[in-house]
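K.L.:
Can you keep this structure in mind? I'll have questions shortly.
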Amino acid sequence: MEWFPEERWTYIIEALQKHNKVKVSELADTFQVTMETVRRDLDQLAVTGDVKRVYGGAVNIGYPQGEPPLHQRSNLMTEEKQAIGRSAVSLIENGSTIAIDTGTTALELTHALKEKVGITIVTHSLAVAAVIADKLAKEECKGELIMLGGQLNPEQQSMTGMMTMDQLKTFNFDQAFISVGGMSMQNGLSDYDLNETVISKEMIKRSKEAIVLADHSKIGVDAACNMSSFDQVDVIICSEAKPKGWKRKDFENINWIKARGQGYESRLPYSS
5 MEWFPEERWT YIIEALQKHN KVKVSELADT FQVTMETVRR DLDQLAVTGD VKRVYGGAVN
65 IGYPQGEPPL HQRSNLMTEE KQAIGRSAVS LIENGSTIAI DTGTTALELT HALKEKVGIT
125 IVTHSLAVAA VIADKLAKEE CKGELIMLGG QLNPEQQSMT GMMTMDQLKT FNFDQAFISV
185 GGMSMQNGLS DYDLNETVIS KEMIKRSKEA IVLADHSKIG VDAACNMSSF DQVDVIICSE
245 AKPKGWKRKD FENINWIKAR GQGYESRLPY SS
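Okay, so the sequence shown: first residue is 5 according to the numbering used here, each after it adds one.
Take a look at the structure:
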């Protein structure tokens with residue numbers, strides 16, 4: 005079967021939407037063309053802003069028009085996020101004080117939370133607070149919920165601004181659970197909303213242990229706002245293993261946990 009250039013480009017874009025990364029060698033096998041032809045295809049798509057070129061292939065550029073509202077992201081990669089949430093809950097100890105930022109993966113942590121005693125949860129996410137309040141009322145876990153005030157961000161269902169930051173600075177956390185818009189070897193952690201980013205950055209700063217929650221679509225993505233370098237991160241919980249090409253020395257002190265679940269194991273051939 006002969007693939008026209010436009011057909012190859014469409015296939016590449018759809019593959020990136022599903023898997024977040026493509027490799028030149030695998031695309032050459034699929035299209036039955038030379039690797040140089042695939043490289044030219046990827047270069048063309050990079051010029052039009054559809055992909056980001058990396059060594060050996062290309063990655064998804066994330067959300068070029070900005071991150072969609074929380075409710076629009078809630079049904080994306082649900083099984084992966086649920087598995088990440090369950091893994092995150094297993095790291096929470098009774099009696100600890102934790103910060104949870106906004107995001108659909110952080111929200112799955114709260115859905116999985118149960119049988120914890122004496123915990124104090126601080127959040128600026130309305131969605132997270134609603135789930136925790138319900139669990140406390142039902143005694144699925146026992147502790148205290150502190151909702152940070154501030155200016156409402158209706159799209160992300162969160163409170164932001166100087167008031168939120170001032171309140172946040174009164175706490176010291178045992179753990180901070182942070183959702184990200186992207187994480188790359190070059191630029192570390194990033195997100196799409198500046199106000200959300202500065203709050204997550206402060207949570208990391210004020211925590212003894214920073215735990216990043218990221219499904220596989222965040223790998224290799226640079227969102228608009230830089231959040232943190234990897235040297236400020238203690239744990240990364242992801243639906244895929246650490247990519248083979250990422251430098252070992254940058255992760256010497258990071259515990260990378262591959263969350264286990266149904267329907268996505270070994271989806272990405274570039275993971276180690």
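From the three backbone atoms N, C-alpha and C, an ideal C-beta is built for every residue, glycine too. All values reported here derive from a predicted model rather than from experimental measurement.
Alpha carbon to alpha carbon, what distance is there between Lys146 and Ile102?
P.N.:
Residue mapping note: residue 102 aligns to position 98 of the sequence shown, counting from 1. Residue mapping note: residue 146 aligns to position 142 of the sequence shown, counting from 1. C-alpha separation (whole angstroms): 14 angstroms.
K.L.:
Just to confirm, are Ser91 and Ala263 a CB contact at a threshold of 8 angstroms?
P.N.:
Position 87 of the sequence shown, counting from 1, holds the residue named residue 91. Position 259 of the sequence shown, counting from 1, holds the residue named residue 263. In this structure, Ala263 lies closer than 8 angstroms to Ser91 by Cβ.
K.L.:
Taking C-alpha atoms, which residue in Met189, Thr108, Asp226, Ala214 lies nearest to Lys253?
P.N.:
Along the sequence shown, read from residue 1 onward, the residue named residue 253 stands at position 249. It is Met189.
K.L.:
In this structure, does DSSP put Ile88 in helix, strand or coil?
P.N.:
Here residue 88 refers to the residue found at position 84 when the sequence shown is read from its first residue. DSSP places Ile88 in helix when its eight states are reduced to three.
K.L.:
Please state the DSSP three-state secondary structure of Asp219.
P.N.:
Along the sequence shown, read from residue 1 onward, the residue named residue 219 stands at position 215. Coil, per DSSP.
K.L.:
What is the C-beta distance between Arg4 and Ala50, in whole angstroms, given that I count them as a contact (C-beta under 8 angstroms)?
P.N.:
Since the first and last residues shown for the chain are 5 and 276, residue 4 lies out of range.
K.L.:
Spell out the partners DSSP gives Thr164 in its beta bridges.
P.N.:
Start at 1 with the first residue of the sequence shown, and residue 164 comes out as number 160. Thr164 pairs with Gln155.
K.L.:
Among Met39, Gly53, Gln171, which one has its Cα closest to the Cα of Gln155?
P.N.:
What you label residue 155 is simply residue 151 of the sequence shown in a count that begins at 1. Nearest C-alpha to Gln155: Gln171.
K.L.:
Pair every Cβ in the stretch 205-215 with every Cβ in the stretch 130-137, then say whether three or more of these pairs are closer than 8 angstroms.
P.N.:
Short answer: they don't touch.
K.L.:
Roughly how many whole angstroms lie between the Cα atoms of Ile17 and Glu40?
P.N.:
Start at 1 with the first residue of the sequence shown, and residue 17 comes out as number 13. Start at 1 with the first residue of the sequence shown, and residue 40 comes out as number 36. Computed Cα separation, rounded: 18 angstroms.
K.L.:
Leaving aside the five residues before and after Glu144 along the sequence, list all residues of the same chain whose C-beta is less than 7 angstroms from its C-beta, in chain order.
P.N.:
Within the sequence shown, the letter at position 140 stands for residue 144. Contacts found: Lys118.
K.L.:
Taking its Cβ as the centre, do 16 or more other Cβ atoms sit within 10 Å of Ser232, making it buried, or is it exposed?
P.N.:
Counting from one through the sequence shown, the residue named residue 232 turns up at place 228. Buried, by the Cβ-count rule.
K.L.:
Looking at the secondary structure, which residues open and close the alpha helix (DSSP H) in which Asp178 lies?
P.N.:
One-based indexing of the sequence shown puts residue 178 at position 174. Careful: Asp178 lies outside any alpha helix (DSSP H), inside the beta strand (DSSP E) at 177-183.
K.L.:
Straight-line CA distance for Val93 to Ala116?
P.N.:
The residue labelled residue 93 in the question sits at position 89 within the sequence shown. The residue labelled residue 116 in the question sits at position 112 within the sequence shown. Near 7 angstroms, if we compare the C-alpha coordinates of Ala116 and Val93.
K.L.:
Closest to Phe181 by C-alpha separation, out of His23, Glu244, Thr114, would be which residue?
P.N.:
For the purposes of this step, residue 181 is identified with residue 177 of the sequence shown, where counting begins at 1. The shortest Cα separation from Phe181 among His23, Glu244, Thr114 belongs to Thr114.
K.L.:
Give the range of the beta strand (DSSP E) segment to which Met5 is assigned.
P.N.:
Your numbering for residue 5 matches position 1 in the sequence shown. Met5 -> no beta strand (DSSP E), and no H or E assigned at all.
K.L.:
Excluding the five sequence neighbours on either side, which residues of its own chain have a C-beta within less than 7 angstroms of the C-beta of Gln266, listed in chain order?
P.N.:
On the sequence shown, residue 266 is found 262 positions in, with the first residue counted as 1. Low confidence applies to Gln266: its pLDDT is 47, below 50, so where it sits in the model is not reliable, and the reading given next is rough at best. Once the five neighbours on either side are set aside, the close Cβ partners of Gln266 are Glu83.
K.L.:
Given this structure, state the Cα-to-Cα distance separating Val239 from Gly122, to the nearest angstrom.
P.N.:
Position 235 of the sequence shown holds residue 239. Position 118 of the sequence shown holds residue 122. The straight-line gap from Cα to Cα measures roughly 23 angstroms.
K.L.:
Taking only the alpha-carbon atoms, compute the straight-line gap between Gly330 and Pro158 and give it to the nearest angstrom.
P.N.:
Residue numbering for the chain in the displayed model covers 5 to 276; residue 330 lies beyond these limits and cannot be assessed.
K.L.:
Distance check for Asn176 and Pro163, CA to CA, integer angstroms please.
P.N.:
Sequence index remark: in the sequence shown, residue 163 carries index 159 (1-based). Sequence index remark: in the sequence shown, residue 176 carries index 172 (1-based). The sequence shown places Met at residue 163, rather than the Pro named in the question. When rounded, the distance between both Cα atoms is 19 angstroms.
K.L.:
Verify whether the separation of the beta carbon atoms of Val237 and Ala214 is less than 8 angstroms.
P.N.:
On the sequence shown, position 233 is the one that residue 237 refers to. On the sequence shown, position 210 is the one that residue 214 refers to. Yes; because the gap between Cβ atoms is below 8 angstroms, this pair is in contact.
K.L.:
Quick check: what's the CA-CA separation for Asp178 versus Lys142?
P.N.:
Within the sequence shown, residue 178 is the residue found at index 174, counting from 1. Within the sequence shown, residue 142 is the residue found at index 138, counting from 1. Computed Cα separation, rounded: 25 angstroms.
K.L.:
Considering only residues of the same chain and omitting the five flanking positions on each side of Lys85, which have a CB-CB separation below 7 angstroms?
P.N.:
By one-based count along the sequence shown, residue 85 stands at place 81. These residues qualify, in order along the chain: Thr108, Thr109, Glu112, Asp219.
K.L.:
Could you tell me if Phe35 is buried or exposed, where buried requires 16 or more neighbouring beta carbons within 10 angstroms of its beta carbon?
P.N.:
As a working mapping, residue 35 is identified with position 31 in the sequence shown. Classification for Phe35: buried.
K.L.:
Measuring alpha carbon to alpha carbon, tell me which of Trp7, Lys209, Lys222 ends up nearest Lys22.
P.N.:
By 1-based counting over the sequence shown, the position of residue 22 is 18. Out of Trp7, Lys209, Lys222, Lys222 has the C-alpha closest to the C-alpha of Lys22.
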